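Start counting the sequence shown at 4; every next residue gets the next number (my numbering).
Remarks on the structure that follows.
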Amino acid sequence: MIIARSASELRGFLDTKTLSVGFVPTMGALHIGHRSLIETARKENDIVVVSIFVNPTQFLAGEDLSKYPRREEADFKICELSGVDILFYPDVSAMYGADEVRITAPDVRGFILEGSSRPGHFDGVLTVVMKLLNIVRPSRAYFGKKDAQQLSLITQMCENFFMNIEIIPMETVRENDGLALSSRNVYLSSSERQEALKLSSALKRATEMLMQGNTKSSEIKASMEHILVPLNVEYVAIVNRKFEALDEIVIGNTIVLVAARVGMTRLIDNVWL
Ligand code: PAF
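And the structure:
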């Protein structure tokens, strides 16, 4: 596995090749969810590039940037064992200069739900993803459905800027008891981890109600909120793939989302129906 620490180093390796490139952007603290993205990229492309970069511009003041889990040695091993060809591992100065042009998230879709709880977060995500995609120039880039709004905005950015990259949505990977894998799960104590199961239980309840024929968003949300007590719930939402609120679930075009704090840890989860 080659480790590249700057854009020019990475291009130096890739410019000699005319093969398909699969790209998995990450912030490290890799878990089985990331591995499933890497494994799919491995199957579908000649070359696999993974980036590990804890992007400061997507963290708001007071968020967990300084304590975001960093696992350099373990992450490098996971990448190597998963068959990654090139690991892009820049530091902040290799990615950002002073007084730069930034990408701005769209006024509505970028500032509801996650964007409302974390205003400016998606500007940072889109800016760094634009940089990463321009550095790697992949054929395909792989993103988890767990960050549904991020995935939707990145897909929209690629369309709006006429970028010829296939964005591949990947299923959320869960523990056996339903907890969605997340790098932030390491912050949870064992009792908080139990509490965190309420997120996936609430989503399961939404699916069950739908299976029983109830498509009414207001009733499904009320039932989910009941399950989520006593967590500090930031939102329960039912939207279509464009993140427009739905009064009724439309099978094939609905995402049910939840964000809540468990202790000090903010968790998100969703189900695509
Ligand atoms: O989902 C993430 O890990 C990050 O938001 C991403 C896409 C790597 C951009 O920093």
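Glycine residues also receive a C-beta, built at the ideal position from the N, C-alpha and C atoms.
Fair warning: this is a prediction, and the values are worked out from it, not measured in the lab.
Do residue i and residue j have their CB atoms nearer than 8 Å?
i, j, result
"GLU195", "GLY266", "yes"
"LEU13", "VAL139", "yes"
"ARG244", "ILE254", "no"
"ALA199", "ILE168", "no"
"ALA225", "VAL274", "no"
"GLU228", "VAL239", "yes"
"ALA108", "LEU129", "yes"
"LEU231", "ARG264", "no"
"TYR92", "MET30", "no"
"LEU154", "LYS148", "yes"
"LEU40", "VAL27", "yes"
"ILE81", "LEU184", "no"
"LEU206", "VAL261", "yes"
"ILE252", "SER220", "yes"
"ARG58", "GLY127", "The question names Arg, but residue 58 in the sequence shown is Asn. Their beta carbons are under 8 Å apart, which means ASN58 touches GLY127 by this criterion."
"THR268", "LEU191", "yes"
"ILE55", "VAL24", "no"
"VAL131", "THR60", "yes"
"PHE16", "ILE89", "yes"
"LEU22", "ASP78", "no"
"ARG121", "PHE246", "no"
"GLU66", "MET4", "no"
Which residue comes first and which comes last in the beta strand (DSSP E) that contains residue i?
i, result
"LEU17", "Segment 10–17 is the alpha helix (DSSP H) holding LEU17; no beta strand (DSSP E) there."
"ARG264", "258–265"
"ASN137", "Here ASN137 belongs to no beta strand (DSSP E); instead the alpha helix (DSSP H) covers 124–139."
"ILE89", "89–91"
Residues bridged to residue i by DSSP?
i, result
"MET173", "GLY147"
"ARG269", "ARG264"
"LYS201", "Looking at the DSSP assignment, LYS201 forms no beta bridge with any residue, so it has no partner."
"VAL239", "VAL261"
"ALA248", "VAL242"
"ALA183", "ARG177"
"LYS219", "GLU251"
"VAL232", "VAL232 is not bridged to any residue."
"ILE3", "Past the edges of the chain, shown from 4 to 276, lies residue 3, and the structure says nothing about it."
"VAL189", "For VAL189, which the question treats as bridged, DSSP gives no partner whatsoever."
"VAL95", "In DSSP, VAL95 forms no bridge with anything."
"VAL274", "VAL259"
So the alpha helix (DSSP H) residue i belongs to, where does it begin and stop?
i, result
"SER119", "117–120"
Taking only beta-carbon atoms, is residue i less than 8 Å away from chain D?
i, result
"ARG73", "Protein chain content of the structure displayed is limited to a single chain, and chain D is not contained in it."
Notebook entry, point to check: What residues sit near the ligand PAF, counting only those whose C-beta is closer than 6 Å to one of its heavy atoms, in chain order?
Noted result: PRO28, THR29, MET30, ASN58, GLN61, VAL128, VAL131, VAL132, ASP150, GLN153
Checklist line | beta strand (DSSP E) runs contained entirely in the stretch 8–74, provided each spans 3 or more residues | finding: 24–29, 50–55
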